[in-house]
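These notes are about the structure you will find just below.
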Amino acid sequence: MTTADVYLQQCINGLSLGAMYALLALGFTLVYGILELINFAHFNVFMVGSFVGLGTLSLFGVVPGAASLSGFMLAAVLLGTLLVTMVTSGALGVAIERIALRPLRDVRGPAAMITTIGVSYVLFNLVLLVLGADSKNFPTPLPSVSFAIGGAVLRLREILIWAVSLVLMGLLTWFVQFTRMGRAMRATAQDPEAARMMGVEVDRVIIMAFFLGSALAGAGGLMFGLYYNFTSYIIGFTAGLRAFTAAVLGGIGNVPGAMLGGLIIGLVEAMGGQLISASWADVIIFSILVLVLVFRPSGLLGRVAPNKS
Amino acid sequence: MQREAGELLEFRDVNTHYGDLHVLKNVNYAIGRGEIVALLGGNACGKSTTMKTIMGVVRPTTGSVLFDGAAIERLPTAERVRRGIAPVLEARRLFPRMTVLENLEMGAYTRKRGADLAADLDRVYELFPRVKERRTQLAGTLSGGEQQMVAIGRALMAHPRLICMDEPSMGLSPLYVEQVFDIIQQINRQGTTIFMVEQNAAMALSIAHRAYVLQTGQVVLSGGAAELRENPAIREAYLGELQVAPTA
Ligand SMILES: Nc1ncnc2c1ncn2[C@@H]1O[C@H](COP(=O)(O)OP(=O)(O)OP(=O)(O)O)[C@@H](O)[C@H]1O
Ligand SMILES: [Mg+2]
């Protein structure tokens, strides 16, 4: 491998990480945009999502060590697993909102945010208790096809992550921009009281934000497993923190910002790991975050001052 | 169809509180079908609270709000909008990062998609040609007067029977104020009842049929607009003949 190939390879890796972080960052941003709440439970919805993906794959008979699939079977299994994982994770997010957060809706201060940390630990410990501390192997339903781009290797799993992320982000953008519910979500984010007086049922908008965000986190969790070939009860914190950083970097509350932030964090992680050392990745990521926030406190695509009353 | 008997909107002995702060005190209003009724009063006397109580953002602690003869004080805001009450909010409150068209569509949020939505858009564009020109622009980038037109248009999109306006002339240049009041009259002639909070009492009384005067949460005066225009207390306090505070 030449140096250029190494960077090309890291670029491929970075884009894959970035796609995953972007999926996860969107959940932070959707909920924050509407409730001005940082939802730390999101970290572990992602983690639970990867286990749901693992379980669903095994229901389809795809277990570690099984032969890889191809053609129609592969597409059907992946699509089925993705759907089940997203719906289940989305439902988990909605349940968290209903059970833990709605009773605190009118409580001022950090109570709701701290509750999300609590919920995050509940999920973490539940998975630890029930499934144990050892990491679980993920099956590899994808055939090991790869393409050489110069000296770099592009595997099917990377193409899968990119495709899934692009399609999901495209669908989300369409939903938020062009559907009635999407418009209601934007209106509520901009002025909740005015939206309510237009007849928007704000509870439904909040449920939708949790459902969509958590479903995307579930998709991210599944992608994580397929990409790294394992999952574990601890994966939520590292990925979640980086995705949260991505959301803040892009401008929290801003949908394109979360996508952009995710990509940047993914690329920085891969390139930084190459240039310095992988153990410095977080240092570099958070240094960039600090720098951006010093010069653009509202994030790269965020608004300078929130327009709320 | 609407029943002809009775008032369109009624407050019966309504009291509202924000925590310990008692704002509306045994307030009674009766707004008839087809009327323009103005609500006058100084700062912080409870005018906006009245509007919020109609919309269901504030719930009365005691008393009853009736719309078209039915008690609505326990209904959620969305249901009130569905029944035909639309607000023009204080300071306009458009969704600043949505386009003018999207803002208008938000006004029609509780309505089913259908052909009449296009007809309502046409009606708004006819009333406000300026709004049509600006329909793809972000609402936050409009001038204050243009925003007020969109705010009124947004209320019309709900196909309301009652529009509650909170200070529609606030912050507008005299030219726009005239225009806005013209439009309000026009909308009213087309059959929509208007309940309107105004600080600009002279203007409000020039188009209203009747008015209530609110002082520290109590209705202290009410009557026909012409009659109130001649009332010495009103002339003093609200029509700017003397710059003195009203005596309680
Ligand atoms: N959400 C709230 N919480 C606590 N107090 C409130 C709230 N809203 C209004 N108030 C208080 O209630 C009183 C009446 O307010 P309201 O907004 O109804 O006045 P207003 O007549 O509309 O005044 P203005 O002419 O300034 O718009 C004021 O003293 C105000 O400070
Ligand atoms: Mg007011």
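Just so you know, the sequences run in chain order A and B. Counting from 19, one number per residue, gives the positions in the first sequence under our numbering. Counting from 3, one number per residue, gives the positions in the second sequence under our numbering. Glycine is no exception: its CB is placed at the ideal position from the N, C-alpha and C atoms.
Proximity test, Cβ basis, 8 Å: residue i and chain A
i	result
B:G226	no
B:E169	no
B:Y20	no
B:P162	no
For residue j and residue i, the rounded distance between their alpha carbons
i	j	result
B:R5	B:A32	With a pLDDT of only 47 at B:R5, under the threshold of 50, the placement of this residue in the model should not be trusted; the figure read from the coordinates follows. Approximately 16 Å, taken between the alpha carbons.
B:A120	B:G65	39 Å
A:P161	A:S86	5 Å
B:V126	B:G155	5 Å
B:G142	A:F262	29 Å
A:M187	B:R191	48 Å
B:D15	B:L23	17 Å
A:S327	A:A84	Confidence at A:S327 is low in this model, with a pLDDT of 34, below 50, so the placement of that residue should be treated as unreliable; the coordinate-derived value is given next. If you take the alpha carbons of A:S327 and A:A84, they lie about 57 Å apart.
B:T18	B:P62	5 Å
A:L48	A:N272	8 Å
B:V39	A:L119	42 Å
A:F142	A:M19	40 Å
A:L174	A:T74	20 Å
A:A237	A:A109	13 Å
A:T99	B:R99	37 Å
B:L230	A:I56	53 Å
B:I196	B:L77	21 Å
A:L234	B:L10	47 Å
B:Y240	A:F228	50 Å
A:Y50	A:I270	7 Å
Any non-hydrogen atom of ligand 1 closer than 7 Å to residue i Cβ
i	result
B:L23	yes
B:E92	yes
A:N143	no
B:A46	yes
B:Q150	no
B:Q201	yes
B:G43	yes
Reduced DSSP secondary structure (H/G/I, E/B, other) of residue i
i	result
B:N202	coil
B:G36	coil
B:R82	helix
A:L184	helix
A:G269	coil
B:H24	strand
B:T101	strand
B:L216	strand
A:P161	coil
B:T51	helix
A:M38	helix
B:V90	strand
A:G67	helix
B:T138	coil
A:L174	helix
B:S66	strand
B:A72	strand
B:H19	strand
B:G225	strand
A:G61	Position check: residue 61 of chain A holds Phe in this sequence, whereas Gly was assumed. A:F61: helix per DSSP, three-state reduction.
Test: residue i CB closer than 8 Å to a CB of chain B
i	result
A:M187	no
A:V218	yes
A:M226	no
A:R314	no
A:M277	no
A:R214	yes
Any non-hydrogen atom of ligand 2 within 7 Å of residue i CB
i	result
B:D70	no
B:S50	yes
B:D168	yes
Any non-hydrogen atom of ligand 3 within 7 Å of residue i CB
i	result
B:Y20	No copy of ligand 3 occurs in the structure displayed; its ligands are ligand 1 and ligand 2 alone.
Chain C within 8 Å of residue i, Cβ atoms only
i	result
B:F69	As a matter of chain content, chain C is missing from the structure shown, whose protein chains are A and B.
Please list, in chain order, the residues of the region 195-211 of chain A that have any C-beta partner in chain B closer than 8 Å. R198, R201, A202, R204, A205, Q208, D209 and E211
Compile a chain-ordered list of the residues in the region 91-120 of chain A whose CB is closer than 9 Å to at least one CB of chain B. none
Quick one, which residues of the region 57-90 of chain B are near chain A if we go by CB-CB under 7 Å, in chain order? M57, V59, T79, A80, V83, R84 and P89
The region 46-77 of chain A: positions lying closer than 8 Å to chain B by Cβ: none
Selection of the region 91-125 of chain B by Cβ proximity to chain A, strictly under 7 Å: L91, R95, F97, P98, R99, M100, E104, E107, M108, G109, Y111 and T112
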